[in-house]
Structure formats: C-alpha cells, structure tokens
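Colleague: I have a structure I would like to understand better, so I am pasting it below and will then ask my questions one at a time.
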Ligand SMILES: Cc1cc2nc3c(=O)[nH]c(=O)nc-3n(C[C@H](O)[C@H](O)[C@H](O)COP(=O)(O)OP(=O)(O)OC[C@H]3O[C@@H](n4cnc5c(N)ncnc54)[C@H](O)[C@@H]3O)c2cc1C
Ligand SMILES: Cc1cc2nc3c(=O)[nH]c(=O)nc-3n(C[C@H](O)[C@H](O)[C@H](O)COP(=O)(O)OP(=O)(O)OC[C@H]3O[C@@H](n4cnc5c(N)ncnc54)[C@H](O)[C@@H]3O)c2cc1C
Ligand SMILES: Cc1cc2nc3c(=O)[nH]c(=O)nc-3n(C[C@H](O)[C@H](O)[C@H](O)COP(=O)(O)O)c2cc1C
Ligand SMILES: Cc1cc2nc3c(=O)[nH]c(=O)nc-3n(C[C@H](O)[C@H](O)[C@H](O)COP(=O)(O)O)c2cc1C
Ligand code: FES
Ligand code: FES
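Residue numbers (the working numbering), protein chains in the order written: chain X, 87 to 400; chain Y, 87 to 400; chain W, 237 to 495; chain R, 237 to 495.
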C-alpha cells in the first residue's frame with residue numbers, strides 16, 4: 087500500500103506556497119479532506135487540518151441522526167474500497183452545535199443531504215451556523231431517496247441549489263455523481279441555481295460478492311467505489327466540467343500523490359479533496375501531496391492558478 | 087502483473103464440465119473473448135478459441151473501414167487500461183467476407199456499431215452472413231455519434247434493437263454502457279426490442295493527463311477504462327440487470343481469475359467475456375479461468391446454471 | 237485494499253471460556269502473524285461485521301475470544317467446527333515488546349488481547365498478571381496467564397471489588413516499569429492515574445465502534461484519533477491528551493454517549 | 237498497467253547515423269534493462285506514439301535508432317538534446333542468447349535491434365555480421381558490428397543487390413548454427429528459406445502496426461499471433477507456420493495489404 091503513496095513527480099527546486107483564495111475563503115493549501123472520511127466528528131476534521139489539510143468537509147449531515155447501513159460497511163477491492171456507510175451522522179443540529187465549540191483551524195464545509203429542496207434549504211440554514219461553506223451531497227450512490235437519487239435530474243438539482251443558496255450567505259458547492267451520462271448538464275444546472283462551485287466526483291457505483299458464501303459482502307449489498315481505481319473517472323469528469331462550466335471545480339477521486347493531484351488540477355480543478363488516501367497512506371498525505379505540488383509548481387515556474395485547466399490549451 | 091492472474095479460489099475436487107447452452111448456441115465453456123480485444127481479425131478470434139475461449143466477439147464493425155483515433159490509443163493506469171482505439175475496423179463487408187473463410191472453432195458474435203436504427207439493421211444483415219450471433223455496441227464511450235451516444239436513450243435503444251432483430255435470424259445481444267444512471271431501463275428497452283440477451287459492461291469513461299507535458303495522454307483525449315479497476319462496477323451492473331430483466335446477461339469487466347468470474351456469475355451472468363486479461367495475463371487466461379470455475383462448481387456441487395444469480399437469494 | 241476483503245475460514249476449534257465467553261480458532265495465516273493488540277474484523281454473513289482482538293495464535297491458526305453481547309457475537313457463539321466466518325486484518329497498532337518488569341492488567345474480555353501478549357512474550361522480563369471479572373466463572377485465562385491476583389465484582393473469587401483497587405498493593409513490593417492493559421475504560425482510566433502518579437509507563441488497548449477498521453470512516457474517533465488505524469493500543473501520553481477518553485464514546489451515528 | 241504509462245524523458249544525446257536515420261539516447265532504466273529485440277513505445281506529444289526497437293543501452297541509458305518515415309519519426313528527428321519524449325516498455329519477447337556460431341543479418345533500420353543484440357553478446361560465440369541498405373550512406377553500424385559483408389541496392393558499396401544474395405556464400409565456409417535477423421520482410425522470408433534448406437535455426441524480429449504494444453488491441457496480428465506481446469522476435473517454426481507472413485500486413489483499419 088504505502089508504496090503507491092510515494093511521489094513520482096520529481097521533487098527538485100524550491101518550495102513555493104500553494105496557499106489559495108477560492109469562493110471568498112483563504113486556504114493554506116488546496117488539499118481538503120473529502121466528505122465522509124474521518125470527518126464524522128469535529129475532532130476528526132481538526133486532525134486532518136493538523137496533518138496539513140487546507141480545508142475540510144464534514145460527513146454528510148441530515149435532519150435526523152442516522153445509524154447508517156448494517157455492516158459490513160467497507161470492503162477492499164483492487165486499487166480501492168467499496169463503502170456503504172449509509173450516511174451515518176448525528177444530525178445537522180447536533181453536529182453544528184459540536185462544531186461551533188471547536189476551532190478546526192481551516193475553513194470547514196458542511197456537507198448535507200436531503201430528499202427535496204426544502205430539506206436542503208433547512209439543512210443549509212442550520213449548518214451555516216458553524217461552517218464556512220456548504221457542500222450539497224447530490225451524489226451518494228447507496229442511500230435510498232437521497233444522494234444520487236436527487237442528483238441525476240438537472241431540474242431538481244437546480245431547484246435544490248437555488249433554495250440552498252437562498253438560505254445562506256455562505257458559498258454553496260454541489261457535489262456531483264459520476265454515475266450518469268449527464269454530469270455536465272447537472273453541473274450546469276447547479277451553476278444556474280447559483281452554486282459557487284462544483285465538487286466532482288463522489289464514488290462510483292459498485293459491489294462485491296463473496297464467492298465462498300455467495301453473498302454480497304456489504305450489508306447494504308451495493309456501495310460506492312473510491313480510491314485510485316476511480317482516478318481516471320475523476321480526471322475525465324473534471325475535464326468535461328471545466329469545458330462546460332465557469333464556476334470553480336473541486337476535484338476528488340483517487341488523489342494520493344502529487345502526480346494524481348496535478349493531473350486533476352491540469353484537468354481543471356481549482357482545489358482537491360482527499361478521501362481514501364487517509365486510509366491507504368498516512369494522514370500526512372495532505373502535507374506530502376502539498377509539498378510535492380509546491381515543488382512541481384516551483385520547478386515549472388507556475389502559480390497554482392496558472393496550472394488550473396492547463397491540459398485544455400490547444 | 088502475472089500475480090493478479092492467479093486463482094485464489096480453492097482448487098480441490100474433480101473437474102466438471104462448464105459447457106453451456108445459451109441463446110440457442112452451444113459453447114464448450116462460458117468464457118468468451120470480449121469485443122475489440124485481439125478480435126480485429128478472424129485469426130485473432132481463432133487464437134482465443136485455441137487458447138480456450140468458449141466463444142468470441144469480433145471487433146465492433148461499421149459500414150465503412152475506419153483507421154481509428156490518432157495515437158496514443160492505450161495508456162496504463164492503476165489496475166487497468168484506458169483505451170481510445172476509435173473503433174478501427176476494415177468495414178463489415180470486408181470482415182464478414184474474411185470471416186466466412188475461417189473456421190474459428192466456436193460461436194462468433196459479430197459486434198457492430200452504427201448511428202441509427204437503419205445502419206444497425208444494415209450492419210446486422212451483412213454480419214449475419216458469417217456470424218452465429220450479433221452484438222450491438224451501444225456503449226463505446228469514446229466515439230462520436232456512435233457508441234454510448236446512441237446507448238443512453240432507452241427509446242432509441244429499443245428501436246435499434248428491434249430493427250436489428252428484424253434483420254436477422256440470429257440471436258441479437260445489446261451491449262450496455264455503465265456510464266449512465268439508467269442501465270436497467272436501457273436493458274429493459276433492449277429486452278422490449280427483442281434482444282436475446284444483454285452484455286454488461288463496456289468500458290467506464292475516463293482519461294489520463296501527463297503531468298510533465300501537461301497533455302492528455304490519449305490521442306483522443308478521453309477513453310474507456312477496462313480491467314480490474316472496473317470489476318466492482320461490472321458486478322453491480324450485472325446484479326441490477328438480473329433483478330430487472332428476464333433475458334440472459336453476459337458479464338464483462340475485469341474478469342481475470344476464477345474468483346472474478348464466479349463473482350459475476352453469482353451476480354447474474356450466464357456467460358462472461360474477457361478483454362483486458364488477455365494482455366495482463368497470458369492468452370491461456372480462458373483455460374485457466376475455466377479450469378478454476380469447473381473446480382469451484384465441482385467443489386460446491388453446483389451446475390453452472392445453478393450458480394447464475396445465486397447471490398440474489400434472500 | 238485487495239487484502240481488505242474478508243477471507244472465508246472454517247472454524248477449526250471452539251472452546252467455552254466462561255458462561256458468556258467463547259474462543260474460536262481459525263486457520264488464517266495473515267492474523268496468525270499479527271502483533272499482540274492487533275485486531276481483525278470478523279464477518280458473519282447475513283448478520284454483521286465486528287472488530288475482535290486476536291487472543292492467541294498457533295502456527296498459522298489464530299484465536300478470537302468473544303463475549304456474547306448482541307446479535308453478531310451471538311451468531312459467532314452459535315458457530316461450530318466447520319462453520320464459516322469471514323476475517324480481514326490484522327489491523328491497527330499492537331503492544332510494544334516489554335523491555336522490563338511489567339504488569340498485565342485485564343478486565344472482562346479485555347484479557348483476550350493480553351493473553352496473546354503473554355503468549356508472545358519471548359523476552360525474559362517478569363510479567364505480573366492481574367485479572368478482574370464480574371464473577372468467578374467469568375474470570376478468563378487465570379491459569380494460562382499465571383495470574384497473581386484476581387478480583388470479582390461479586391466477591392465470588394479473589395478480591396471483592398474492582399481489580400484496580402489492588403494494583404497499588406501489587407506494585408508496592410515490585411520493580412515494575414510498565415502496565416499493559418485492556419478492558420473497561422474506567423479501569424484503564426484508573427490505571428492511567430496510577431501510572432502517572434507513580435511515574436510508570438502504560439499501554440492500553442481501546443475500543444470504539446469500528447465500521448471499517450482501516451482508518452476511513454471515522455466511526456472510531458476519540459477526539460481526532462483513529463482508534464482502528466493509529467490504535468487500538470495507545471501509550472500513556474496519547475491517552476492523557478484525549479479529552480473524550482474515559483468520558484465519552486460515540487454511537488453508530490456519531491453522537492456522544494457517556495461511558 | 238501502472239507501468240504502461242509513458243515516462244517523460246529528456247533526450248540526452250543525438251547522433252545522425254545516415255541521411256535518414258538518427259539515434260537518440262534517453263535516461264530510462266526500464267528499457268536500459270531490456271533484452272535485445274524488445275521494443276518501446278515512443279510518444280511525441282501532439283503527434284503520436286510508435287513502436288521502436290531498443291538499439292543499444294549504456295548503464296541506465298537506452299538508445300533508439302530511427303528512420304525518418306512520416307509524421308512521428310520526423311518529429312523525433314527534430315528533437316534536440318533536452319527535448320522531451322515519452323517512453324513506455326520494454327515490451328515483447330527478445331532474441332535468445334546465442335549458444336553457437338551465428339550470423340547477424342540486418343537490412344535497413346532493422347540493424348537497430350541487432351546492434352543491441354551484438355552489444356549484449358557476452359558469450360564467446362563468433363558472430364558474423366551481414367548488413368544491407370539502399371545505398372552506401374544508408375548502411376548502419378557497419379564498423380560497430382564489424383560487418384563481414386555489406387550490400388547496397390545501388391551498388392555504391394559492397395555487394396550490388398540484396399544482402400540475401402550473399403548469405404549462402406558466407407555460410408559455405410562456416411560452421412554456423414543460426415541466423416538472427418531483422419529488416420524488410422522479404423529479406424526475412426528469404427533467410428527463412430535458406431535456413432530451412434540448410435537445417436539452420438532462425439530468429440527474426442517482425443514489424444506490424446502496433447497501437448497498444450501490450451497485447452490488447454489486435455492491430456499487430458499475424459494470423460492470430462500478437463507480434464507485440466508474443467513477438468516481435470519469432471523463431472523459425474513459428475514463422476514457417478504463418479500464412480500471412482511475408483505476404484500480407486494489415487493497415488490501421490485491419491485491412492490486408494500486400495507486403
Ligand atoms: C479493537 C476492538 C477489539 C475488540 N476485541 C474484542 C474481543 O476480543 N472480544 C470481545 O468479546 N469483544 C471485543 N470487542 C468488542 C466487540 O466488537 C463488541 O462486543 C461487538 O461488536 C458487539 O457486537 P454484537 O453484534 O454482539 O452486539 P450488538 O450490540 O448487537 O451490535 C449489533 C451491531 O452493531 C455493530 N457493532 C456493535 N459494536 C460494534 C463495534 N465495536 N464496532 C463496530 N460495530 C459494532 C455491529 O454491526 C453489530 O453487528 C472489541 C472491540 C474493538 C473495537
Ligand atoms: C516492433 C517494432 C520495432 C520497430 N523498430 C524501429 C526502429 O528501431 N527504427 C525505426 O526507424 N523504425 C522502427 N519501427 C517502425 C516504426 O514504428 C515506423 O517506422 C513508424 O511507426 C512510422 O511512423 P511515422 O509517424 O513516422 O510514419 P507515418 O507513416 O506518418 O505514420 C503516422 C502514424 O501512423 C501510426 N503508425 C505508423 N506506423 C506504425 C506502427 N508500426 N505501429 C503503430 N503505429 C504506426 C502512428 O500513429 C504514426 O504517428 C519498428 C516497428 C515495430 C513494430
Ligand atoms: C468511507 C467513505 C464515506 C464517504 N461518505 C461520504 C459522504 O458522507 N458524503 C459525500 O459527499 N461523500 C462521501 N464519500 C465520498 C468521498 O467524499 C469522495 O468523493 C470519494 O471517496 C472519492 O474520493 P477518494 O478516492 O479520495 O476517496 C465517502 C467516501 C468514503 C470512502
Ligand atoms: C483495447 C480495447 C478495445 C475495445 N474495443 C471494443 C469494441 O470495439 N467494441 C466493444 O463493444 N467493446 C470494446 N471494448 C470493451 C471490451 O469489450 C470490454 O467491454 C471492456 O474492456 C471490459 O472488459 P475487460 O475489463 O475484461 O477488458 C474494448 C476494450 C479494450 C480494452
Ligand atoms: S473504524 Fe473506520 S476509521 Fe476507524
Ligand atoms: S499492438 Fe495491440 S495487440 Fe499488439
């Protein structure tokens with residue numbers, strides 16, 4: 087495992103800063119903790135920041151506390167994990183209350199999930215009490231009625247985003263699912279609804295079956311694939327969104343090394359989120375990737391902003 | 087590489103046959119060569135059969151000869167390959183003519199691609215001259231106007247399938263894309279159109295960018311991901327299709343070992359196709375997987391038919 | 237990550253340790269090679285997957301010693317020889333190797349990982365074992381670990397009360413450097429206080445809800461510490477820094493619950 | 237498969253071998269460790285990716301000797317020291333190690349892989365080199381391979397005509413077991429006939445359109461044989477079985493084209 091975490095980008099040259107301004111917020115670097123990974127408590131968010139994350143996203147929060155799906159919740163596959171957590175969370179009020187007492191040390195996005203525009207609006211309002219930005223989870227592939235169930239219909243997405251935007255002064259991000267042939271349409275709908283940016287991608291639908299017991303491994307039967315296996319899917323999604331949208335894109339999916347990070351930035355991401363790599367690497371992955379990214383920028387004599395979308399030049 | 091090709095399924099017990107009848111055809115085993123992999127010439131098809139394939143699918147054929155996309159056409163990624171061949175083929179007439187002179191040694195499915203129902207009908211008619219079955223490629227993720235461009239609209243899929251079915255006496259299969267949130271709807275549309283079965287999945291949309299030159303690696307910029315990385319996606323697609331359809335399902339995606347094969351059969355596949363593993367393993371992968379599958383069946387005291395969809399029992 | 241898929245194993249042997257505690261033995265080379273204190277995720281198909289410490293190994297076999305608590309542990313208690321169970325792991329960070337005289341302090345089924353620790357003690361350092369339980373029949377591995385003192389909540393054997401009440405007496409006459417402990421969190425908390433006041437070192441194995449075991453999901457957090465990946469064994473300094481340890485645990489939804 | 241991504245390298249050295257043939261040297265440990273006869277896929281960003289034999293190595297550097305043919309080879313000819321190019325590989329099966337006296341038979345840029353073969357000959361077997369080209373200035377590596385006989389189509393140096401016309405004379409006086417060859421397919425075909433009639437063994441490096449290099453796409457098939465993965469070096473028996481060899485090649489679309 088650890089071996090895949092090592093940088094393959096050359097690391098000569100002087101370190102330059104990767105601090106960045108985005109969505110009206112300041113980040114010490116563009117590497118954020120992805121939703122649902124470690125960020126189930128404010129303490130988890132703070133750990134990620136202490137380990138170098140430039141920003142963090144909370145576990146997706148709903149109106150009520152949820153225990154999540156029955157176990158197994160996670161199973162390893164080639165180059166990734168399948169998970170079906172089932173959006174366990176203590177409820178938006180509970181989490182917001184707890185978060186308001188903690189100094190996380192970097193901007194916090196509250197991720198929220200709901201069934202309809204009104205729920206999203208209400209969640210946004212409550213979560214705005216302690217967060218610096220809102221991320222609408224329109225893309226969880228393994229929760230009924232919420233998640234990608236609401237995230238594959240452009241009209242609904244536009245209404246959800248616009249209601250959420252009305253409910254807060256904070257920047258609102260829409261997190262998109264790759265399990266569709268219309269990701270750019272959905273991104274555009276989010277943009278029309280007033281999203282300050284989009285986040286791509288959530289996990290890819292998948293499942294694993296145990297051949298000896300002949301049973302699906304996950305308690306929920308199906309789940310979402312994350313990690314290096316989906317990195318090419320993320321690169322493609324970000325690349326396509328960059329062509330079709332004008333708001334900033336935050337890239338997620340299989341970021342583990344400076345190289346995988348640079349790839350997503352070249353595709354068009356202004357910032358990145360890291361999920362699975364906090365398990366497959368050490369938590370220092372934020373600092374390690376940041377260091378490699380800084381060295382890359384210095385070596386290429388480019389600013390982070392210059393790098394965004396550079397693979398599109400023609 | 088080779089290491090991942092080894093069986094992890096236990097291999098004690100007596101070998102039983104895996105010969106199977108499907109779609110009115112007889113196969114010595116349920117492991118077929120997937121479209122586009124080696125099968126660009128009748129000689130390539132025959133090689134796969136000599137190496138143990140129970141059936142073969144041709145490279146997707148169009149009305150005219152095509153050179154394909156500019157190179158690079160293939161790039162390795164974690165646990166898989168991205169390819170953007172661009173459907174190079176000598177044209178359906180040329181291929182059918184050449185095929186008619188060769189005894190491949192196992193049933194041959196002619197894979198075809200077109201822009202509309204009429205083209206598919208015409209291609210079906212011509213290809214039926216030398217094939218034992220037709221596979222409609224409704225799912226190539228990196229060719230304009232054809233491929234998944236026609237495979238994500240259930241109505242269009244139904245019309246294509248029904249025109250193709252009318253144009254031949256051979257069984258017609260519809261090959262589906264995973265790059266959609268409606269794979270079951272599309273499968274149902276194919277079924278309504280008269281498809282004898284569906285094939286799932288084609289490659290998953292993806293791309294790779296080189297961080298030093300800052301250019302997309304593939305000549306066509308984007309491509310399709312195949313290999314073990316997409317196996318969980320294939321398992322999920324087959325599982326869902328099995329719940330929603332009554333026609334047989336042929337599973338494709340990351341089959342490399344007896345275990346990965348059994349997983350897809352448990353999900354609901356009546357037969358399998360193998361693509362990428364002919365590169366990551368040896369061509370003997372057909373025989374090796376078949377042997378492992380037979381041993382598994384013998385050990386579990388099940389017939390192949392018994393195994394199909396067993397993970398659904400509840 | 238390919239390793240993080242359950243391996244299906246047949247139960248090779250079972251043994252009843254107490255009315256509520258059972259040991260199962262599995263042929264499973266990866267966990268048989270684990271460090272004491274590491275754990276595995278055990279999967280009972282159609283029931284659930286739970287974290288269980290490795291309680292001993294022999295050649296390529298591993299043992300798990302499991303208290304009957306709820307749904308999944310009850311399913312495991314129903315397993316007989318030849319029945320199947322899934323295992324993934326080993327996970328987490330185990331105990332260090334003892335380098336001087338040490339005390340083993342186990343409460344309830346917490347004795348399980350300490351038994352493996354004891355088994356693995358290849359250095360020649362003297363280990364003094366203290367074991368507590370609710371009643372005499374629930375005392376685990378007393379003979380195997382050559383326990384010097386035992387205690388029971390109901391007084392049915394040994395000291396009547398908590399095992400923590402006798403630690404200081406035991407330490408008096410002895411030149412002990414360190415305590416290795418696992419069991420109820422209040423017991424560990426008390427041991428921590430004793431170690432701090434006496435200048436001893438300590439390593440404790442902790443428990444939280446663990447849904448993934450690999451450091452992904454955050455269900456096992458104490459403050460911001462992932463017990464599954466960075467623990468479950470933690471040292472004195474780490475333990476002493478926690479604000480939640482000994483006071484709060486988290487339910488499956490992430491809500492705090494008093495311990 | 238992670239290895240099958242182009243590695244971007246800077247050109248370390250270039251050399252003009254003939255008016256139309258150039259050698260480039262790259263720091264690239266993976267290919268520098270290849271067997272003679274193996275090839276790499278060279279990627280010129282914004283132009284294309286083509287298969288090129290490894291023509292020599294030195295420490296962790298590899299060399300490629302490339303004829304100016306069309307678009308991508310012309311781009312490579314334009315590269316200077318410090319310019320970037322992508323490399324993946326090495327791919328395919330190379331030549332066997334010679335175990336007895338052998339002839340090296342190279343035509344055109346086919347001498348490239350044979351040069352590496354010659355360089356790598358650590359056994360003490362005598363190698364007799366024959367090299368053909370269109371004209372004197374197009375003869376490659378004549379001195380380096382210590383060529384015994386050369387030929388040119390225009391007679392500007394050595395034998396006037398095809399190099400295959402002199403093979404039998406050379407073989408007459410010699411105790412040769414095997415021919416190692418690379419170059420135009422008619423030349424290889426003729427060598428095959430000679431070997432068969434004289435009971436010699438043969439290994440030849442073949443060329444086809446290669447779009448993937450790893451055995452996936454089928455663009456390089458001769459009959460059902462993947463030249464990229466199971467070749468490009470093939471032995472006499474294999475060669476003799478082919479129905480298409482020497483007669484047909486395939487275009488990028490898969491249509492047959494006479495050789
Ligand atoms: C590192 C570690 C090592 C442990 N070692 C041992 C041991 O050696 N022996 C022993 O008896 N017990 C051990 N435990 C405790 C054991 O995991 C719980 O007793 C067990 O999970 C209870 O399961 P249950 O289904 O019987 O209980 P229930 O209360 O019925 O739980 C129902 C469901 O809740 C979930 N659940 C409950 N507890 C946990 C948990 N801690 N983590 C994740 N999911 C949970 C599971 O999905 C379970 O199926 C250990 C715990 C940890 C964290
Ligand atoms: C195993 C092997 C080893 C070779 N070794 C050498 C060598 O050492 N030196 C040398 O000079 N030549 C070698 N060749 C031949 C070389 O690959 C061709 O000369 C070269 O591909 C021509 O490219 P071009 O762009 O200049 O030609 P064009 O005719 O302009 O071709 C344009 C495009 O066609 C495609 N193309 C053309 N030929 C091929 C091919 N064979 N495979 C895949 N795509 C192709 C490419 O995409 C190329 O960009 C080798 C070929 C093979 C198969
Ligand atoms: C265990 C786990 C839990 C997750 N939970 C959430 C969630 O609650 N909300 C959400 O939007 N995404 C969730 N995700 C998706 C991640 O935020 C991320 O989009 C995805 O994992 C891809 O990134 P990665 O490859 O870096 O992990 C979760 C992912 C994992 C692995
Ligand atoms: C190089 C390559 C070419 C392919 N060409 C085609 C094609 O022409 N038509 C088609 O339907 N699928 C094509 N595919 C998709 C495969 O048939 C298969 O659906 C996919 O690769 C997943 O299977 P695998 O993981 O076993 O490779 C191609 C795949 C590869 C790797
Ligand atoms: S159990 Fe998931 S992070 Fe610890
Ligand atoms: S070049 Fe693709 S199979 Fe040989």
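Virtual Cβ for every residue (Gly too), placed ideally from N, Cα, C. Since this is a predicted model, take the numbers as computed values, not measurements.
(1) Along the stretch 155-186 of chain X, what residues have a CB closer than 7 Å to any CB found in chain Y?
(2) Closest to residue 334 of chain Y by C-alpha separation, out of Y:280, Y:243, Y:309, Y:316, would be which residue?
(3) Assign residue 152 of chain Y to one of two classes, buried (16 or more other C-beta atoms within 10 Å of its C-beta) or exposed (fewer than that).
(4) On the CB-based measure, 16 or more other CB atoms within 10 Å of its CB, does residue 317 of chain R come out buried or exposed?
(5) Quick one: give me the first and last residue of the beta strand (DSSP E) that residue 399 of chain R is part of.
(6) Given the structure, does residue 336 of chain X come close to ligand 3, in the sense that its CB is under 6 Å from one of the ligand's heavy atoms?
(7) In the DSSP assignment, what are the bridge partners of residue 252 of chain R?
(8) Using 8 Å as the threshold, is the stretch 322-331 of chain X in touch with the stretch 252-269 of chain X, meaning 3 or more CB pairs across them?
(9) Below 8 Å, can you find three or more Cβ-Cβ pairs linking the stretch 327-337 of chain W to the stretch 298-315 of chain W?
(10) Taking the alpha-carbon positions, what's the residue 258 of chain X to residue 276 of chain X distance?
(11) Give me the Cβ distance between residue 324 of chain X and residue 290 of chain Y, rounded to the nearest whole Å; I'm assuming they're in contact under 8 Å.
(12) Using the rule of at least 16 other Cβ atoms within 10 Å of the residue's Cβ for burial, across every protein chain shown, is residue 158 of chain X buried or exposed?
(13) Check each residue of the stretch 237-265 of chain W: if its Cβ is closer than 7 Å to any Cβ of chain X, include it; give the result in chain order.
(14) What span of residues does the beta strand (DSSP E) with residue 284 of chain Y cover, start to end?
(15) Relative to the C-alpha of residue 342 of chain Y, which candidate in Y:361, Y:399, Y:387, Y:150 has its C-alpha closest?
(16) Helix, strand or coil, according to DSSP, for residue 392 of chain Y in the structure here?
(17) For the beta strand (DSSP E) containing residue 440 of chain W, name the first residue and the last one.
(18) Could you give the DSSP three-state label for residue 357 of chain W: helix, strand or coil?
(19) Does the distance from the C-beta atom of residue 359 of chain Y to that of residue 338 of chain Y stay below 7 Å?
(20) Anyone know if the C-beta pair for residue 284 of chain R and residue 344 of chain R falls short of 7 Å?
(21) Hey, residue 366 of chain R and residue 431 of chain R are a contact pair by Cβ (cut 8 Å); roughly how many whole angstroms apart?
(22) Quick check: the Cα distance between residue 389 of chain Y and residue 456 of chain R, rounded to an integer number of angstroms?
(23) Could you give the distance in angstroms between the alpha-carbon of residue 299 of chain Y and the alpha-carbon of residue 488 of chain R?
(24) Out of Y:243, Y:274, Y:164, which has the shortest C-alpha to C-alpha gap to residue 207 of chain Y?
(25) Where do the ends of the alpha helix (DSSP H) carrying residue 140 of chain X lie?
(26) Between the C-alpha atoms of residue 246 of chain Y and residue 204 of chain Y, what's the straight-line distance to the nearest angstrom?
(27) Would a check of beta-carbon distances place residue 106 of chain X closer than 7 Å to chain Y?
(28) Which residues does DSSP list as the beta-bridge partners of residue 175 of chain X?
(29) Restricting to runs no shorter than 4 residues, where is the alpha helix (DSSP H) found entirely within the stretch 311-369 of chain W?
(30) Please decide whether residue 153 of chain X counts as near chain W, where near means a Cβ-Cβ distance under 7 Å.
(31) What's the call for residue 186 of chain X, buried or exposed, on a 16-neighbour Cβ count within 10 Å?
(32) Quick check: residue 134 of chain X and residue 182 of chain X, are their CB atoms within less than 7 Å of each other?
(33) Can you grab the Cα-Cα spacing for the pair residue 145 of chain Y / residue 198 of chain Y, in whole Å?
(34) Does the Cβ of residue 379 of chain X lie closer than 6 Å to at least one heavy atom of ligand 3?
(35) Answer with yes or no whether the minimum CB distance from residue 130 of chain Y to chain R is below 7 Å.
(36) Does the contact criterion of 3 or more C-beta pairs under 8 Å hold for the stretch 292-305 of chain W versus the stretch 259-269 of chain W?
Modeller: Here's the rundown:
(1) 163, 164, 165, 168
(2) Y:280
(3) buried
(4) exposed
(5) Premise fails: residue 399 of chain R is in no beta strand (DSSP E) and is neither H nor E.
(6) no
(7) R:258
(8) yes
(9) no
(10) 10 Å
(11) 15 Å between Cβ atoms; not a contact.
(12) buried
(13) 237, 238, 239, 240, 241, 242, 244
(14) 283-286
(15) Y:361
(16) helix
(17) 437-441
(18) coil
(19) yes
(20) no
(21) Contact doesn't hold; Cβ gap of about 14 Å is too wide.
(22) 39 Å
(23) 27 Å
(24) Y:243
(25) Neither: residue 140 of chain X is in no alpha helix (DSSP H) and is coded neither H nor E.
(26) 8 Å
(27) no
(28) X:152
(29) 347-355
(30) yes
(31) exposed
(32) no
(33) 8 Å
(34) no
(35) yes
(36) yes
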